[in-house]
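Using mature numbering (1 follows the signal peptide of the UniProt record, and there is no 0), the letters of the sequence shown correspond one by one to residues -19 to -1, 1 to 160. Yeah, the Cβ is synthetic: ideal placement off N, Cα and C, and Gly gets one too. Given the structure is predicted, the values throughout are model-derived calculations rather than measurements. Accompanying notes for the structure given below.
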Amino acid sequence: MFNYITVTLLVLVLHTCFCDKKPNFVLILTDDQDIVLNGMEPLKNVQRLIGNEGTTFNNSYTTSPLCCPSRASILTGLYIHNHHTYNNSVDGGCYGSSWKQLETSTFNYMMNTAGYSTFYAGKYLNTYATQSDDGPENVPPGWTEWHALVGNSVYYDYTLSNNGVPTNYSDLYLTDVII
Ligand SMILES: *[C@@H]1O[C@H](CO)[C@@H](O)[C@H](O)[C@H]1NC(C)=O
Ligand SMILES: *[C@@H]1O[C@H](CO)[C@@H](O)[C@H](O)[C@H]1NC(C)=O
Ligand SMILES: *[C@@H]1O[C@H](CO)[C@@H](O)[C@H](O)[C@H]1NC(C)=O
């Protein structure tokens, strides 16, 4: 049902013991559903199956219109002036050294520590695993299952870090693979 949507991130947080009442969580982050540019218009199935069945947050705010700072905020709950990911480049803090120190302050790390299994698939901070001394073997702490895109958005001819094992994909559409 997600054939026409660019899903950049899929996070599942599953409680390992199904015998108690702790809920599971699924967070799906998509790109470019802009009301002004009518970005939802082509997404008929997403509107029918999710949008019309759910809640519209009419008064929601983002810390930044840039994707790396915004994703850093989603993962930590922090504003930009506190997580120091200012733009989409390593020198702007996107998967830079200041970010690495925060990877044990992410919601997934805390939930994993509290007993949840955590699953990540899709784009992480844009420059993830692109530095020669910090490649796809590096799995951020607090993820039980890790299937992150190396680098920024690419939908064909990309590399995923599958739990630290770099795997190349040529003709499989990324969204289909991570869903
Ligand atoms: C929120 O926005 C949606 C979509 O534009 C609209 O249909 C709905 O009436 C709005 N709700 C409120 C409470 O303003
Ligand atoms: C990103 O932020 C850094 C630090 O403020 C700055 O040096 C760099 O020029 C910025 N890069 C872009 C593309 O804006
Ligand atoms: C995967 O793709 C990267 C980037 O194009 C390349 O450097 C690497 O050699 C490829 N690895 C394999 C196993 O094909």
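Three-state secondary structure (DSSP) of residue i
i           : result
residue 55  : helix
residue 15  : coil
residue 122 : coil
residue 66  : coil
residue 149 : strand
residue 138 : coil
residue 143 : strand
residue 98  : strand
Reference residue i; option with closest CA among the options
i           : options            : result
residue 49  : 69, 26, 158, 78    : 69
residue 57  : 38, 79, 73         : 79
residue 157 : 149, 125, 103, 118 : 103
residue 153 : 37, 135, 28, 13    : 135
residue 132 : 93, 87, 54, 77     : 77
residue 44  : 36, 33, 63         : 63
residue 14  : 46, 5, 117         : 46
residue 51  : 37, 117, 67, 115   : 67
Close beta carbons around residue i, own chain, < 7 angstroms, minus the five adjacent residues each side
i           : result
residue -17 : In this prediction, residue -17 has a pLDDT of 32, which is less than 50 and means its spatial position is unreliable; nothing more can be read from the coordinates.
residue 65  : 74, 79
Contacting residues, own chain, Cβ-Cβ under 6 angstroms from residue i (five flanking each side not counted)
i           : result
residue 105 : 129
residue 7   : -8
residue 168 : One cannot answer for residue 168 here, as it falls past the ends of the chain, which runs -19 to 160.
residue 116 : 110
residue 146 : none
Chain-order list of residues whose beta-carbon lies under 8 angstroms from that of residue i (same chain, five-residue window excluded)
i          : result
residue 84 : 90, 121, 122, 123
Stretch-stretch touch, CB-based, cutoff 8 angstroms, three pairs: the region 117 to 131 with the region 87 to 101: yes
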